[in-house]
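Below is one structure, written out as structure tokens; the observations come after it.
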Amino acid sequence: MLQGQIPIDEYKTGNTKHTWNLKKLRFAHRVLFDYNYKKQEVQKGYANRTLYIDLSKKEIKEKKVTEEMKNKFTGGRGFGLKLLWDSITSETRWDSVENNLVITTGPLCGITQYPGTGKSLCLTVSPATNIICDCNVGGFVGPYLKFAGFDALEIQGKAKDDVIIFIDGENGKITVEIAPLEETNTHLLTEQLTYMYASEDNDRSRQKVAVVTSGKGAEHSWWGCLNFSFYDIRRKVARVKQAGRGGLGTVFRDKRIKAIVVKVEKVHGLLNNPADPETLVKVGTKLHREIRDLDKYQCNMRAVGTGHLVEIMDAYDLLPCENYRFGSFPKAPKIYSTKFYELFTKIIPDGCWFGCTMACSKTVDGYMVKTGPYKGQKVTVDGPEYETIAACSNMSIWDPLWILEYNFYCDTYGIDTISTGTALAFYMEMYEYGILNKNRCDGLELCFGNAEAVLEFIHKIARGEKGEFINVASKGIRRVKDWLIEKGWGDEKLIEDTGMESKGLEYSEYVTKESLAMQGGYGLTLKGPQHDEAWLIFMDMVNNAIPTFEDKAEALHYFPMWRTWFGLNGLCKLPWNDIEPANNAETDEPTKVPEHVQNYVELFNAVTGKKVDKKELILQSERCYNWQRAMNVWMGRGRRKDDWIPYRSMGPVTEMEYISRKDRYDKQLIEKQGFNKEQIDKMSVKEKMKILYDYRQDQYQKLADAVYYRRGWTPNGVPTPQKMRQLGMDDPRMLKMLQEKIDEDEKAGLNVWGGKYGKGEKPPSIHPRYWEKW
Amino acid sequence: MDKPKKVKILKFHPEKCNGCLECEKACSMVHFKTKDGGDKSAIRIIKNGDRYQMHVCDQRGLCLDMCPVGALTRRKNGVVWLDKDLCIGCQACVGFCPINAMRKSVSRIQPFKCISCGACVRACPNGALELVEVKIDEIKEIVYHKLGV
Ligand code: SF4
Ligand code: SF4
Ligand code: SF4
Chain R
31 MLQGQIPIDE YKTGNTKHTW NLKKLRFAHR VLFDYNYKKQ EVQKGYANRT
81 LYIDLSKKEI KEKKVTEEMK NKFTGGRGFG LKLLWDSITS ETRWDSVENN
131 LVITTGPLCG ITQYPGTGKS LCLTVSPATN IICDCNVGGF VGPYLKFAGF
181 DALEIQGKAK DDVIIFIDGE NGKITVEIAP LEETNTHLLT EQLTYMYASE
231 DNDRSRQKVA VVTSGKGAEH SWWGCLNFSF YDIRRKVARV KQAGRGGLGT
281 VFRDKRIKAI VVKVEKVHGL LNNPADPETL VKVGTKLHRE IRDLDKYQCN
331 MRAVGTGHLV EIMDAYDLLP CENYRFGSFP KAPKIYSTKF YELFTKIIPD
381 GCWFGCTMAC SKTVDGYMVK TGPYKGQKVT VDGPEYETIA ACSNMSIWDP
431 LWILEYNFYC DTYGIDTIST GTALAFYMEM YEYGILNKNR CDGLELCFGN
481 AEAVLEFIHK IARGEKGEFI NVASKGIRRV KDWLIEKGWG DEKLIEDTGM
531 ESKGLEYSEY VTKESLAMQG GYGLTLKGPQ HDEAWLIFMD MVNNAIPTFE
581 DKAEALHYFP MWRTWFGLNG LCKLPWNDIE PANNAETDEP TKVPEHVQNY
631 VELFNAVTGK KVDKKELILQ SERCYNWQRA MNVWMGRGRR KDDWIPYRSM
681 GPVTEMEYIS RKDRYDKQLI EKQGFNKEQI DKMSVKEKMK ILYDYRQDQY
731 QKLADAVYYR RGWTPNGVPT PQKMRQLGMD DPRMLKMLQE KIDEDEKAGL
781 NVWGGKYGKG EKPPSIHPRY WEKW
Chain P
3 MDKPKKVKIL KFHPEKCNGC LECEKACSMV HFKTKDGGDK SAIRIIKNGD
53 RYQMHVCDQR GLCLDMCPVG ALTRRKNGVV WLDKDLCIGC QACVGFCPIN
103 AMRKSVSRIQ PFKCISCGAC VRACPNGALE LVEVKIDEIK EIVYHKLGV
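Just so you know, the sequences run in chain order R and P. Count along the first sequence starting at 1, add 30, and that's the number in our numbering. Count along the second sequence starting at 1, add 2, and that's the number in our numbering.
Structure below.
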């Protein structure tokens, strides 16, 4: 094992070396169109312009970022939403020519003094959901895009051939080049381009190049992810982080983009020109020290990354096993973080941007690939992270090496480990029930635990195979549900209840059955069931700290707003609460980590020179959050019906599930629904399940009622013009649209609460059209 | 490349020190071309009761593995060296130094540290400072084996 204090030049990964004829590759490039721009420095966190490219019209232009845009949308995801609103229609779909793929940065993105400050935000209309999907991703691209001169990059239109978009921050030039000969799959393409576009043939120059790629899997599925590179000078490998959810890579390849390359002239610590660098140093050093002293007793991120969650989730019955049927599994200890710790190459630092001492980006170097086109080669596998490991437990794969194999191929083919794993877990359950079988699965034996079949499934996608199953299965659970129902295979309700998707997007990897608030955390979201808006399981289920609907609604207001804020600024969420000050438990609101919230207030002010407080941070988010929901409404997918979640995420769908946790469920029937022991004992499992089902469905609707009210929406989940005006979001076109939708709902009788309120229970408001008084 | 095996570190004789801080002034001359001493000096002399204490880098090099850009290396003479042209000012080394001997002054974003140049030794009127040679293997410290699960 490498022990550290090894000079940088002497680190060796043991990976298979490739020699590329870069001259030949480059010679085959043909510049389609280009654009020269004036280089200018970033001022207090903003480049003050965005870059627009239309691949169909062969047009490149700059757009100015106004003070008004900053005040309303802050940056990052907020800018992305604004640019999308201005450029797409309510009818735009993922493969429409005018669909816009936006990559943005955010005012704090690219500072180096505080951990977790190098995130890019990517937004587009998703194939999975037909609404906007936003992803937060590490790597150097975001900061470099800003240092090259732009707060955001928009790409509309489609190219006819595979192109590379090159943003040359050294020379102030953008080129769009046809690039026919390079590889498509990420691990090879990223390496080729990093070497090809570096100004000189050395590591320092390669470090100034960052690349966005996807892969063959993204071309043939709706799970395409974007890989954002960061050159690791110790390993001498261009590593990658994923913008995974919602098929952004699918849109990228549909536009025939092979890669986006960004190069900067220099990298140093003050390229953002912050208003007050010493405050950044002060706050950052404080957090570094906290991580130094406490991480090993808290999350142990520096040793194993997010994988530490596997054993915690297993212990609390929250680790998704066999398509979320179970929350723990006897074999789970085989994939605990200790097992991966043995495999990780221990070379700190493992941050995805400079200065991140949380260092959660672990890697396994010299991993020997077992299957597929790269069989026998040795490669660096980035990860696995918790979500990838848990996607595998969901498929009942308990071998760390197969998890690495899965991780590697998903990444290099450019597909999302989460969606792919969650979907396969569903297909496997259908296979178990005979609703699917070998014949119906194009010859694949998709039973739980069959890792080889999983890999073969992925290779088939990457090869673009055209079987009926592969064709629909690669588009995700929603399409497979429709297909199964159309074929008349299996019970419709069982299919709807077990397939873990909402809004068309596959669930990420937590079992939410016993936490109502977390069901809301997945269902009452903007882009679909992803835990990045709220993670309330412990607060709700373990600590019982938010017992009433009102409490839960407050949490489902505050936390989604707070977490949205990271995306507006180009930040990572982990250093907020995956490390906590030693005295955090003694503060008023430990779940909010007040000291760290204050850190962010200081960072924001120190970079932008503004004077905001923590309330204003939440307001910044609320503006954009409501804007995004309004856009969902506009696109036809932002009402109560769209916040539907499958019953598997609320309670036991099958008798086996009920029986496996019988004591728990029986107890709840007694405690929550007033049955007595004798009555329970007389009931069949089916009867008990039905009672539980009705109860939990109603609970979810009541939760939605409370949350909509708290967020300032109508009872059908539509943001009100009154609320938007209060927030200062007074775009007349948007206000008019919202009013029309609310009137439509009124006519259709939809402005009513969803829960059934019995004696002693109250809906959030008894006034019809309560929002009009605001 | 032959790895350095030995390094010089500062040794302090508190009984000889009278707190005149000539050492700090000499050190800030080396690093910032000023006689300010204080937060511009890598060596600090701190009064503790009626005794003086020295606070300075002991070249054990835990920070070497922290630097994301490889700006920290062990030079041929064994000294832990910060290359300010490569440094991107992240303060990881400042935050993780176990004895807080990696220093940051307001005058520039890059931190600085003791380079065992001996300016302070020569400046000390009382012979309270001395450079002594130690084996790197005996003092070196590594981040990773402190972790583990
Ligand atoms: S402050 Fe400079 S020398 Fe220290 S770890 Fe960061 S980049 Fe390296
Ligand atoms: S040896 Fe040089 S760098 Fe170290 S404390 Fe003394 S003067 Fe400063
Ligand atoms: S110069 Fe010598 S006597 Fe003066 S403070 Fe430094 S060590 Fe002490």
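Glycine residues also receive a C-beta, built at the ideal position from the N, C-alpha and C atoms.
> Between R:Ile576, R:Thr147, R:Asn469 and R:Phe634, which lies nearest to glutamate 619 of chain R when the distance is taken from Cα to Cα?
Replying inline: When the alpha-carbon of glutamate 619 of chain R is set against those of R:Ile576, R:Thr147, R:Asn469 and R:Phe634, the nearest one is in R:Ile576.
>> For isoleucine 83 of chain R and glycine 534 of chain R, what's the separation of their Cα atoms in angstroms?
In response: C-alpha separation (whole angstroms): 29 Å.
> Across which residues does DSSP place phenylalanine 384 of chain R in a beta bridge pair?
Replying inline: None, per the DSSP bridge assignment.
>> I need the boundaries of the alpha helix (DSSP H) containing phenylalanine 177 of chain R, first residue and last residue.
In response: That run of the alpha helix (DSSP H) goes 171–178.
>> For methionine 876 of chain R, count the other beta carbons within 10 Å of its own beta carbon; 16 or more makes it buried, fewer makes it exposed. Which is it?
In response: Residue 876 of chain R lies beyond the stretch modelled for chain R, which goes from 31 to 804, so this question has no answer here.
> Of all Cβ atoms in chain P, is any one closer than 8 Å to the Cβ of leucine 466 of chain R?
Replying inline: In terms of beta-carbon proximity, leucine 466 of chain R stays away from the interface with chain P, with every pair separated by 8 Å or more.
> Taking Cβ-Cβ distances below 8 Å as the criterion, which residues of the segment 318–334 of chain R are in contact with chain P?
Replying inline: So the close ones are His318, Arg319, Ile321, Arg322, Lys326, Asn330, Arg332, Ala333 and Val334.
>> leucine 722 of chain R and glycine 681 of chain R - do their beta-carbons sit closer together than 8 Å?
In response: For the 8 Å CB-CB criterion, glycine 681 of chain R and leucine 722 of chain R form a contact.
>> Distance check for threonine 410 of chain R and aspartate 395 of chain R, CA to CA, integer angstroms please.
In response: In a straight line, the C-alpha of aspartate 395 of chain R is about 4 Å away from that of threonine 410 of chain R.
> Nearest to lysine 692 of chain R by alpha carbon, out of R:Arg669, R:Asp673, R:Gln703 and R:Met719?
Replying inline: Ranking R:Arg669, R:Asp673, R:Gln703 and R:Met719 by Cα distance to lysine 692 of chain R puts R:Met719 first.
> How many angstroms separate the CA atom of asparagine 706 of chain R from the CA atom of valine 313 of chain R?
Replying inline: One C-alpha to the other measures close to 56 Å.
> Just curious, the alpha helix (DSSP H) that cysteine 654 of chain R is in, first and last residue?
Replying inline: 644–664 is the extent of the alpha helix (DSSP H) around cysteine 654 of chain R.
> Quick one: any contact between the segment 728–743 of chain R and the segment 583–593 of chain R, if contact means 3 or more CB pairs under 8 Å?
Replying inline: Cβ pair count under 8 Å is three or more, so yes.
> According to DSSP, is methionine 530 of chain R helix, strand or coil?
Replying inline: Methionine 530 of chain R: coil per DSSP, three-state reduction.
> Is the Cβ of proline 37 of chain R closer than 8 Å to any Cβ of chain P?
Replying inline: So yes, proline 37 of chain R belongs to the interface.
> Just reading off the beta strand (DSSP E) that tryptophan 83 of chain P is part of, what are its end residues?
Replying inline: 82–84 is the span of the beta strand (DSSP E), which, as asked, contains tryptophan 83 of chain P.
> Would a C-beta distance cut-off of 8 Å place tyrosine 787 of chain R and proline 793 of chain R closer than the cut-off?
Replying inline: Yes, Cβ-Cβ distance for tyrosine 787 of chain R and proline 793 of chain R is below 8 Å.
> alanine 121 of chain P: beta carbon under 7 Å from a heavy atom of ligand 3?
Replying inline: Remark: the C-beta of alanine 121 of chain P is outside contact range of ligand 3, defined as less than 7 Å to any heavy atom.
> Is it a yes or a no for the segment 105–124 of chain R touching the segment 286–302 of chain R, going by three-plus beta-carbon pairs under 8 Å?
Replying inline: Counting C-beta pairs with one atom in each stretch, the segment 105–124 of chain R and the segment 286–302 of chain R have fewer than three that are closer than 8 Å, which means they do not touch.
> Apart from the five residues just before and just after glycine 34 of chain R, which ones in its own chain have a Cβ nearer than 8 Å to its Cβ?
Replying inline: Excluding positions up to five away in sequence, the list reads Lys376, Ile377 and Ile378.
> Thinking just about the alpha-carbon of each residue, which of R:Val294, R:Leu566 and R:Asp760 is nearest to the one in histidine 587 of chain R?
Replying inline: For histidine 587 of chain R, the closest of R:Val294, R:Leu566 and R:Asp760 by C-alpha to C-alpha distance is R:Leu566.
> Are glycine 666 of chain R and arginine 659 of chain R touching if we call contact CB-CB under 8 Å?
Replying inline: It is not a contact, given that the beta carbons lie outside the stated cut-off.
> If you compare alpha carbons, which of P:Val123, P:Ile141 and P:Val134 is closest to glutamate 24 of chain P?
Replying inline: Among P:Val123, P:Ile141 and P:Val134, the Cα nearest to that of glutamate 24 of chain P is on P:Val123.
>> Which same chain residues end up closer than 6 Å to valine 96 of chain P when comparing Cβ atoms and leaving out the 5 residues on each side of it in sequence?
In response: Apart from the 5 residues on each side of it in sequence, valine 96 of chain P sits with its Cβ closer than 6 Å to the Cβ of Met104, Lys106 and Pro113 in its chain, given in chain order.
> To which residues does DSSP link glutamate 92 of chain R through a beta bridge?
Replying inline: As a beta-bridge residue in DSSP terms, glutamate 92 of chain R pairs with R:Leu81.
>> Measuring only the C-alpha atoms, how far is leucine 81 of chain R from valine 502 of chain R?
In response: Taking the straight line from one Cα to the other gives about 36 Å.
> What separation, rounded to the nearest whole angstrom, lies between the Cα atoms of threonine 450 of chain R and tryptophan 253 of chain R?
Replying inline: CA-CA distance, threonine 450 of chain R to tryptophan 253 of chain R, rounds to 7 Å.
>> Using DSSP's beta-bridge definition, name the partner residues of histidine 33 of chain P.
In response: The beta-bridge partner set that DSSP reports for histidine 33 of chain P is empty.
> On the premise that tyrosine 688 of chain R lies in contact with tyrosine 695 of chain R, defined as a C-beta separation below 8 Å, what is that separation, rounded to the nearest angstrom?
Replying inline: Contact flag correct, Cβ pair sits at about 6 Å.
> If you measure beta-carbon to beta-carbon, which residues of the segment 48–67 of chain P are closer than 9 Å to chain R?
Replying inline: Legend: CB atoms of the segment 48–67 of chain P lying less than 9 Å from CB atoms of chain R belong to residues Gly63, Leu64, Leu66 and Asp67.
> Going along the chain, which residues of its own chain have a beta-carbon closer than 6 Å to the beta-carbon of histidine 48 of chain R, five neighbours each way excluded?
Replying inline: There are no such residues.
>> Cutting at 8 Å between CB atoms, please list the residues of its own chain near proline 16 of chain P, excluding the five before and the five after it.
In response: Closer than 8 Å at Cβ, skipping near neighbours: Arg53, Tyr54, Gln55, Met56 and Ala130.
> Cα-Cα, which of R:Ser532, R:Lys149, R:Pro430 and R:Ile488 is closest to isoleucine 161 of chain R?
Replying inline: When the alpha-carbon of isoleucine 161 of chain R is set against those of R:Ser532, R:Lys149, R:Pro430 and R:Ile488, the nearest one is in R:Ser532.
> Given that threonine 75 of chain P touches chain R, what residues does it touch there, using C-beta distances under 9 Å?
Replying inline: Within chain R, the residues Pro37 and Ile38 have their CB atoms less than 9 Å from the CB of threonine 75 of chain P, given in chain order.
> So what's valine 340 of chain R in DSSP terms, helix, strand or just coil?
Replying inline: Under the three-state reduction of DSSP output, valine 340 of chain R falls in the helix class.
>> List, from N- to C-terminal side, the beta strand (DSSP E) runs of 3 residues or more that fit wholly inside the segment 430–508 of chain R.
In response: Counting whole runs of 3 or more residues, the segment 430–508 of chain R contains no beta strand (DSSP E) stretch at all.
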